[in-house]
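S.K.: Starting off with a structure, shown below.
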Amino acid sequence: MTHSETQPPEWFTRALATPGASRTVDVAGCPIHYLSWGDPALPGLLFLGASGGHARWYDHVAPLFADRFRVVVMDPAGCGDSGRRDAYSKDLVTAEVAGVLAHSGLLSVSAPPVVVGHSAGAQCVVRAAQVHGADWLGVIGVDGLRYAELESDHAIPHFRALDPNAPPPPRRAPKVWEDLDEAVARFRLSPPPMIEIGNEFILRHIGRNSYREVEGGWTSKFDPGQTHQVIDLAFELTGALKDLPCRAAALYAEHSHLTDPSAGPTVTAMNDGKVTAFTIPGTSHFPMIDSPFAFVAAIEGVALTWLAEWHRAKD
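Numbering (numbering that gives the first Met the number 0), first residue to last: 0 to 314.
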């Protein structure tokens, strides 16, 4: 019987026993929440999750980085425990990333930070790197930087149909569940994974932290109005990584709506060999859920290699 059918494994329980410290910084009038782990003197590692995700997606993996890094995981506006805005924008997300980096102290240690974005968060951190990357060691996109129009990607026709100059869509009344257990039972990943990902104990933890209590029950912490205003499909079709003022890497899932087996060599070639790009074998679009150890090893391997290069360049 697997852990997902009984109780969580010991490593997961141990990780959750080391919760991140919760802090908030005001960015352009909105409280932006983040969690942090590890010694503030260590090199920084900042995570920005997928659209609709939140910092608690990383509760089980963030402590696994904390022996080598000061780890920070942020909620952009409209997600998790951050505030909501009347209107969102790509520039505001860039400002939120910069605000959390500064407030958390990741820019105050000797080594510059590595910034990681997953899914739509990958696009956001690459855009932020175009503005602020000179102060970073590097940026890592995890299964979020599209390089081709793939038939499996449902987002392409959806976003192509959107008018970029149209006003934000009207906010619908949020769904309210009477109790938290019912809400958690309805929690689903979007887009649906292309493989069976297992690890139900991780999904339950994420789901249980995806809702907030309101009058009449529980509702999602996510503001769906955020998505259409921060994702830019055309941006993902560029080879922008090679022109960043910091190092860059693009990590892909093996089983994903955003990728095919050519991802690694194609992205490397698009960026004149200046970018680290590879596929994490056996993973879905949600590698921190289905393959948490591979997720940690891939990111830590890239970040520690960059740190070693940075130290050599200083000598």
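Glycine is no exception: its CB is placed at the ideal position from the N, C-alpha and C atoms.
From a predicted model like this one, the values you see are computed outputs, not experimental measurements.
1. What's the C-alpha gap between VAL99 and PHE46?
2. State the start and end residues of the unbroken beta strand (DSSP E) segment that holds GLU212.
3. Taking the C-alpha atoms as reference points, what is the distance between TRP217 and ALA182?
4. So who's on the other strand from ILE139, going by DSSP bridges?
5. Quick check on this structure: which residue in THR278, CYS245, PRO264 and ALA94 has the alpha carbon closest to the alpha carbon of ASN251?
6. I need the straight-line Cα distance from LEU188 to ALA312, nearest angstrom please.
7. Which class does GLY216 belong to by DSSP, given the choice of helix, strand or coil?
8. Using the Cα positions of VAL175 and GLY206, report the straight-line distance between them to the nearest angstrom.
9. Starting from HIS32, trace the beta strand (DSSP E) in both directions and tell me its first and last residue.
10. Rounded to the nearest angstrom, how far is the Cβ of VAL60 from that of PHE294, given a contact under 8 Å?
11. Taking only three categories from DSSP, how would you classify ASP314?
12. To the nearest angstrom, report how far apart LEU91 and ALA14 are at their CA atoms.
13. Helix, strand or coil for MET73? Go by DSSP, reduced to three states.
14. Leaving out five residues before and five after LEU41 in sequence, what residues of the same chain have Cβ atoms less than 6 Å from its Cβ?
15. Apart from the five residues just before and just after PRO244, which ones in its own chain have a Cβ nearer than 7 Å to its Cβ?
16. So what's ARG185 in DSSP terms, helix, strand or just coil?
17. Among the residues of its own chain, which have a CB less than 6 Å from the CB of ALA127, if the five just before and after it don't count?
18. Alpha carbon to alpha carbon, how far is ALA307 from ILE201?
19. When you compare only the Cα positions, how much space is there between ASP178 and VAL213?
20. If you drop the 5 nearest sequence neighbours on each side, which residues of the same chain put their C-beta closer than 6 Å to that of THR226?
M.R.: Let me spell this out:
1. Residue mapping note: residue 99 aligns to position 100 of the sequence shown, counting from 1. Residue mapping note: residue 46 aligns to position 47 of the sequence shown, counting from 1. About 11 Å.
2. Looking up residue 212 in the sequence shown gives position 213. Element bounds for GLU212: 210-213.
3. Position 218 of the sequence shown, counted from the start, is the residue given in the question as residue 217. Position 183 of the sequence shown, counted from the start, is the residue given in the question as residue 182. Approximately 7 Å between the Cα atoms of the pair.
4. Mapped onto the sequence shown, residue 139 falls at position 140. Answer is VAL115 and ALA248.
5. As a working mapping, residue 251 is identified with position 252 in the sequence shown. Position check: residue 251 holds Tyr in this sequence, whereas Asn was assumed. It is THR278.
6. Taking the sequence shown and counting its residues from 1, the one referred to as residue 188 is at position 189. Taking the sequence shown and counting its residues from 1, the one referred to as residue 312 is at position 313. Whole-angstrom Cα-Cα distance: 42 Å.
7. Residue numbering aside, residue 216 sits at position 217 when the sequence shown is read from its first letter. Three-state result, GLY216: strand.
8. Mapped onto the sequence shown, residue 175 falls at position 176. Mapped onto the sequence shown, residue 206 falls at position 207. Near 15 Å, if we compare the C-alpha coordinates of GLY206 and VAL175.
9. If you number the sequence shown from 1, residue 32 lands on position 33. That run of the beta strand (DSSP E) goes 29-36.
10. Translated into positions along the sequence shown, residue 60 becomes position 61. Translated into positions along the sequence shown, residue 294 becomes position 295. Contact holds; Cβ gap of about 6 Å.
11. On the sequence shown, position 315 is the one that residue 314 refers to. In the structure shown, ASP314 sits in coil (DSSP, three-state: anything other than H, G, I, E or B).
12. Within the sequence shown, numbered from 1, the residue matching residue 91 stands at position 92. Within the sequence shown, numbered from 1, the residue matching residue 14 stands at position 15. Between the alpha carbons of LEU91 and ALA14 lies a gap of roughly 32 Å.
13. Reading the sequence shown from its first residue, position 74 is the one you call residue 73. Looking at MET73 - three-state DSSP - the assignment turns out to be strand.
14. Position 42 of the sequence shown, counted from the first residue, corresponds to residue 41. Contacts found: PHE68 and ARG69.
15. Working through the sequence shown from its first residue, we reach residue 244 at position 245. GLY132 and ALA133.
16. On the sequence shown, residue 185 is found 186 positions in, with the first residue counted as 1. In the structure shown, ARG185 sits in a helix (DSSP, three-state: H, G or I).
17. Position 128 of the sequence shown holds residue 127. Only THR93 and VAL96 meet the Cβ criterion.
18. Taking the first residue of the sequence shown as 1, we reach residue 307 at position 308. Taking the first residue of the sequence shown as 1, we reach residue 201 at position 202. Whole-angstrom Cα-Cα distance: 32 Å.
19. Within the sequence shown, residue 178 is the residue found at index 179, counting from 1. Within the sequence shown, residue 213 is the residue found at index 214, counting from 1. If I take the Cα positions, the gap works out to 10 Å.
20. The residue given as residue 226 occupies position 227 in the sequence shown. Here the set comprises SER50.
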